[in-house]
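Residue numbers (my numbering), protein chains in the order written: chain U, 4 to 422; chain Y, 4 to 422. The structure under discussion appears below in the form of structure tokens.
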């Protein structure tokens with residue numbers, strides 16, 4: 004049903020500034036997509052459409068999380084005392100092994116999806132585990148919630164506990180089942196090919212993943228150049244590749260279908276060039292990069308080079324599921340680069356917001372803006388207890404991003420439907 | 004009245020580990036101080052004392068914020084686009100000038116004190132503004148709330164708008180009024196001598212501040228080595244001093260009375276040696292140091308050298324008033340140092356917690372621990388919605404610190420009284 008939403012509207016068409024309409028209107032069609040944004044009711048047309056009145060509140064695009072591990076939700080906010088490789092071995096793999104128990108999976112995944120909704124994230128690129136049935140449950144939970152997700156059954160067959168190892172045939176069979184069950188390209192929930200990362204996957208597994216992505220036209224997600232020890236290990240494991248990114252590329256996992264790579268803290272110029280060529284998106288996970296002591300990704304460089312960037316919470320390397328908080332961390336990381344090198348200007352608020360909305364959203368379709376034809380993925384922010392009368396609309400948004408939380412998010416929409 | 008509190012008790016005597024008593028008891032005397040902590044009721048004595056039952060919840064020392072600007076509360080979470088010196092000029096000084104209006108001061112300070120209470124901070128070392136009457140209001144608000152604070156009427160007489168400049172005589176007169184009105188050394192609210200920082204104070208003002216601290220036996224707070232441009236400016240302004248810290252020392256403002264210095268991002272070995280000699284406390288403000296693009300303070304080095312460290316939210320350079328969040332940032336900063344230099348181990352959770360409680364608390368007396376004779380400053384944490392049954396007590400605390408918020412703080416005590 005056609006609807007018109009009245010509120011203070013803020014979004015980013017371009018990175019470098021906000022579009023701001025005080026007391027404006029967004030018209031949303033039967034298909035859940037934005038028809039038009041306007042400053043006055045009359046110019047919208049649709050005289051009979053229902054007007055939903057959020058006068059005084061902020062209406063912004065919903066958050067998109069382009070890198071998060073649903074199966075690590077139980078470890079959120081604990082186990083913060085190791086770097087990546089030992090952290091995986093000691094904390095993460097033992098936790099993921101529990102997801103062989105489908106009831107356990109259902110329990111943790113329910114908490115995860117509910118929390119994701121709470122913090123205003125309407126689309127996510129998600130790692131599950133190697134377990135097909137658990138992954139299926141997670142996909143169902145997203146479908147039932149009416150939220151958008153690209154969900155990856157994880158592929159891995161080396162350097163991990165036996166209980167998490169599948170053969171290539173088992174892995175392919177599980178991925179094909181899910182690809183067949185969720186084959187509608189218009190569905191909000193879809194599978195994504197998810198080799199964990201090169202250290203966890205034999206060449207045969209990586210090859211099978213690349214072939215599967217190509218055969219089913221599926222997107223790809225993985226990890227790239229997160230930690231120096233990890234990068235060194237990839238150079239040893241794939242001596243013929245020109246680098247970590249090139250290793251993925253050789254297996255058909257680096258832009259041959261839409262690809263998002265988490266972290267890219269240590270990507271060098273050659274790797275960034277390959278990303279640009281393949282239109283590979285960076286999932287910038289600044290919180291996680293702090294917590295796992297990986298480093299600080301030079302996001303200004305990626306943006307300057309025209310590489311796509313979205314934001315990821317990366318639970319449980321990251322501790323905070325909120326993409327609003329992730330924006331703050333992204334700006335802070337960029338300020339540490341700027342502090343050392345004033346030729347790298349730090350991120351504007353509008354740039355961080357753009358990454359969280361239109362930047363990351365582009366991985367899910369026309370998502371993350373209120374431009375015509377975009378899915379109406381939106382949040383209504385009630386900041387009455389943040390003294391809105393004292394601030395401009397842009398300051399109200401900034402203040403909410405920096406100091407607000409899920410209590411201020413009073414309505415959530417995904418493709419036009421309230422979630 | 005004597006009281007006994009029953010709960011899961013966690014605190015830090017030493018930096019490197021938690022004291023944890025599952026389902027234990029804290030006995031608090033008529034004077035609001037801890038008499039004893041025990042694992043069972045009988046060994047406490049006091050058979051007739053009331054037992055307040057917080058079974059299942061966490062009982063921890065309250066937070067101490069050793070650096071925060073009450074008068075910048077209106078700018079919390081906005082104006083994040085400049086480095087220190089232009090930021091002061093464009094955003095901070097114009098805001099502080101508004102505090103000549105005492106009604107405005109009352110309004111903003113009320114919000115500030117209420118928010119501080121909400122996030123579980125029971126003691127704070129606070130900057131007000133140059134305005135004596137506004138500062139008096141802030142002190143009264145703390146007194147009325149039953150919270151502890153060292154409140155500084157700011158001294159400054161150069162490099163700032165005319166409206167914020169006082170003569171040395173005016174400044175001294177205002178500080179003396181407040182020192183006289185709050186002269187009881189046992190009072191929870193006391194004045195603190197607060198030269199803003201060397202770039203804002205003439206030598207005459209700095210000298211007067213040092214003499215005042217000595218005459219009234221008052222503690223001192225200021226800023227030190229926050230930003231490279233600021234440090235360079237101090238070297239120009241005080242060419243005879245051996246450095247920034249030494250300049251304060253020459254005016255009697257660096258350990259001659261108890262002293263806390265905010266930031267210390269760029270303190271060199273000589274400055275740290277002076278801090279050690281004067282027992283000067285670092286107010287580590289990692290959030291602010293990110294936001295204002297100052298840098299990352301090497302806290303491991305300060306701890307290794309035996310220098311006292313507490314945590315500061317530094318609103319509005321910092322955006323988050325919660326010292327729990329500040330702990331997370333402190334650990335993250337230490338991980339970035341560790342990433343570059345593995346000889347600087349990152350902070351343990353217990354070390355961050357110690358800085359937030361016993362470390363910072365030591366600036367306010369015997370505060371920040373549940374050892375005998377300490378003021379009973381405490382928080383009761385109800386983490387039932389964080390799935391406590393799945394975690395150990397230390398993990399529950401860690402998870403609350405990383406992912407919880409003020410909703411989980413259900414009781415607050417300052418020196419034995421519920422706030």
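Glycine residues also receive a C-beta, built at the ideal position from the N, C-alpha and C atoms.
From the DSSP output, in three-state form, read off residue 244 (chain U) for me. In the first chain, counting from the first residue as 1, residue 244 (chain U) sits at position 241. Correct three-state label for residue 244 (chain U): coil.
Residue burial classification, residue 401 (chain Y) (beta-carbon count within 10 angstroms, cutoff 16): Taking the first residue of the second chain as position 1, residue 401 (chain Y) is located at position 398. Flag for residue 401 (chain Y) reads buried.
Kindly list the residues whose CB is nearer than 7 Å to the CB of residue 427 (chain U), restricted to its own chain and excluding five residues on each side of it in sequence; keep chain order. Residue 427 (chain U) lies beyond the residue range present for chain U, which begins at 4 and ends at 422; the question has no answer from this structure.
Identified DSSP bridge partners for residue 11 (chain Y): Taking the second chain and counting its residues from 1, the one referred to as residue 11 (chain Y) is at position 8. Note: residue 11 (chain Y) sits in a beta bridge opposite Y:61.
Proximal chain U residues relative to residue 81 (chain Y), where beta-carbon distance stays under 8 Å: Along the second chain, one-based indexing puts residue 81 (chain Y) at 78. Going along chain U in sequence order, the residues near residue 81 (chain Y) (Cβ under 8 Å) are 394, 398, 401, 402 and 405.
Euclidean distance between Cα positions of residue 71 (chain U) and residue 404 (chain Y): Position 68 of the first chain holds residue 71 (chain U). Position 401 of the second chain holds residue 404 (chain Y). Roughly 21 Å between the two C-alpha positions.
According to DSSP, is residue 162 (chain Y) helix, strand or coil? In the second chain, residue 162 (chain Y) corresponds to position 159, counting from 1. Looking at residue 162 (chain Y) - three-state DSSP - the assignment turns out to be coil, as it is neither helix nor strand.
Just the Cα atoms here: how many angstroms apart are residue 33 (chain Y) and residue 284 (chain Y)? Against the second chain, residue 33 (chain Y) aligns to sequence position 30. Against the second chain, residue 284 (chain Y) aligns to sequence position 281. Those two C-alpha atoms are separated by around 31 Å.
Other residues of its chain near residue 198 (chain U): CB distance less than 7 Å, five sequence neighbours each side excluded: Taking the first chain and counting its residues from 1, the one referred to as residue 198 (chain U) is at position 195. Cβ within range, chain order: 158, 204, 208, 209, 212, 225 and 256.
Chain A contacts from the segment 295-329 of chain Y (Cβ-Cβ distance under 9 Å): The question asks about chain A, but that chain is absent: this structure's protein chains are U and Y.
Check this for me: beta carbons of residue 156 (chain Y) and residue 131 (chain Y), under 8 Å apart or not? Within the second chain, numbered from 1, the residue matching residue 156 (chain Y) stands at position 153. Within the second chain, numbered from 1, the residue matching residue 131 (chain Y) stands at position 128. Against a cut-off of 8 Å, the Cβ pair of residue 131 (chain Y) and residue 156 (chain Y) comes out as a contact.
Who are the neighbours of residue 112 (chain Y) on chain U, taking C-beta pairs under 9 Å? Indexing the second chain from 1 puts residue 112 (chain Y) at position 109. Residues of chain U passing the Cβ test: none, with the nearest at roughly 14 Å.
In the segment 337-361 of chain U, which residues sit with their C-beta less than 8 Å from some C-beta in chain Y, listed in chain order? 338, 339, 341, 342, 349, 351 and 352
Output, in chain order, the set of chain U residues within a Cβ distance shorter than 7 Å of residue 77 (chain Y). Within the second chain, the letter at position 74 stands for residue 77 (chain Y). Chain U residues near residue 77 (chain Y): 393.
Name the two residues that bound the continuous alpha helix (DSSP H) containing residue 47 (chain Y). Here the question's residue 47 (chain Y) lines up with position 44 in the second chain. Run containing residue 47 (chain Y): none; DSSP gives neither H nor E here.
Between residue 312 (chain Y) and residue 358 (chain Y), how many whole angstroms is the CB-CB distance? I'm expecting something under 8 Å. Stepping through the second chain from its first residue, residue 312 (chain Y) is reached at position 309. Stepping through the second chain from its first residue, residue 358 (chain Y) is reached at position 355. Yes, residue 312 (chain Y) and residue 358 (chain Y) are in contact; Cβ-Cβ is about 5 Å, under 8 Å.
From the DSSP secondary-structure annotation, give me the bridge partner or partners of residue 194 (chain U). By one-based count along the first chain, residue 194 (chain U) stands at place 191. Paired residues: U:154.
Out of Y:110, Y:336 and Y:385, which one is the CA nearest neighbour of residue 423 (chain U)? The structure shown does not extend to residue 423 (chain U), since chain U is modelled only from 4 to 422, so the question has no answer here.
Check whether the Cβ atoms of residue 412 (chain U) and residue 350 (chain U) sit closer than 8 Å, and answer yes or no. Counting from one through the first chain, the residue named residue 412 (chain U) turns up at place 409. Counting from one through the first chain, the residue named residue 350 (chain U) turns up at place 347. No. Outside cutoff.
Taking only beta-carbon atoms, is residue 335 (chain Y) less than 8 Å away from chain U? On the second chain, position 332 is the one that residue 335 (chain Y) refers to. Yes, its Cβ sits closer than 8 Å to a Cβ of chain U.
On a CA-only basis, which of U:117, U:190, U:100 and U:191 is nearest residue 169 (chain U)? Give me that one, please. Numbered from its first residue, the first chain carries residue 169 (chain U) at position 166. Minimum Cα distance to residue 169 (chain U) is reached at U:100.
Relative to chain U, which residues along the segment 281-294 of chain Y have a C-beta separation below 7 Å, given in chain order? 293 and 294
Enumerate in chain order the residues of its own chain whose CB-to-CB distance from residue 327 (chain U) is below 6 Å, with the five nearest sequence positions on each side excluded. For the purposes of this step, residue 327 (chain U) is identified with residue 324 of the first chain, where counting begins at 1. Around residue 327 (chain U): 404.
Check residue 138 (chain Y) in the structure and name its three-state DSSP category. In the second chain, residue 138 (chain Y) corresponds to position 135, counting from 1. In this structure, residue 138 (chain Y) counts as helix in the three-state DSSP scheme.
In the DSSP assignment, what residue or residues form a beta bridge with residue 226 (chain U)? Looking up residue 226 (chain U) in the first chain gives position 223. The partner list for residue 226 (chain U) (beta bridge, DSSP) reads U:265.
With 8 Å as the threshold, decide whether the Cβ of residue 243 (chain Y) is near any Cβ in chain U. On the second chain, residue 243 (chain Y) is found 240 positions in, with the first residue counted as 1. No, residue 243 (chain Y) lies away from the interface with chain U (no Cβ there is under 8 Å from its Cβ).
Take residue 341 (chain Y) and list the residues in its own chain whose beta-carbon comes closer than 7 Å to its own, dropping the five residues that flank it on each side. Your numbering for residue 341 (chain Y) matches position 338 in the second chain. Cβ neighbours of residue 341 (chain Y) beyond the five flanking positions: 347, 348 and 349.
Thinking C-beta only, is residue 221 (chain Y) closer than 8 Å to residue 196 (chain Y)? Taking the first residue of the second chain as 1, we reach residue 196 (chain Y) at position 193. Taking the first residue of the second chain as 1, we reach residue 221 (chain Y) at position 218. Their beta carbons are under 8 Å apart, which means residue 196 (chain Y) touches residue 221 (chain Y) by this criterion.
Run through chain Y and tell me which residues come within less than 8 Å of residue 408 (chain U), C-beta to C-beta. The sequence position of residue 408 (chain U) within the first chain is 405, counting from 1. The answer, in chain order, is 408.
Sort out for me which residues DSSP pairs residue 124 (chain U) with in a bridge. By one-based count along the first chain, residue 124 (chain U) stands at place 121. DSSP, once it has assigned bridges, lists U:66 as partnering residue 124 (chain U).
Cα-Cα, which of U:180, U:77, U:174 and U:122 is closest to residue 142 (chain U)? Indexing the first chain from 1 puts residue 142 (chain U) at position 139. Checking every option, the nearest Cα to that of residue 142 (chain U) belongs to U:180.
Looking only at its chain, what residues have a beta carbon closer than 6 Å to the beta carbon of residue 319 (chain U), apart from the 5 residues adjacent to it on each side? Here residue 319 (chain U) is taken as the residue at index 316 of the first chain, counted from 1. Taken in chain order, the residues that qualify are 75, 78 and 79.
Between the segment 381-390 of chain U and the segment 87-100 of chain U, do three or more beta carbon pairs fall short of 8 Å? no
Looking at residue 151 (chain U): is its Cβ nearer than 8 Å to the Cβ of residue 178 (chain U)? The residue given as residue 151 (chain U) occupies position 148 in the first chain. The residue given as residue 178 (chain U) occupies position 175 in the first chain. No, the pair does not count as a contact, with Cβ atoms beyond the cut-off.
The beta strand (DSSP E) that contains residue 133 (chain Y), what's its start and end? On the second chain, position 130 is the one that residue 133 (chain Y) refers to. Looking at the DSSP string, residue 133 (chain Y) is not in any beta strand (DSSP E), and its letter there is neither H nor E.
Is residue 371 (chain U) closer than 8 Å to residue 363 (chain U) when the C-beta atoms are compared? In the first chain, counting from the first residue as 1, residue 363 (chain U) sits at position 360. In the first chain, counting from the first residue as 1, residue 371 (chain U) sits at position 368. Cβ atoms of residue 363 (chain U) and residue 371 (chain U): closer than 8 Å.
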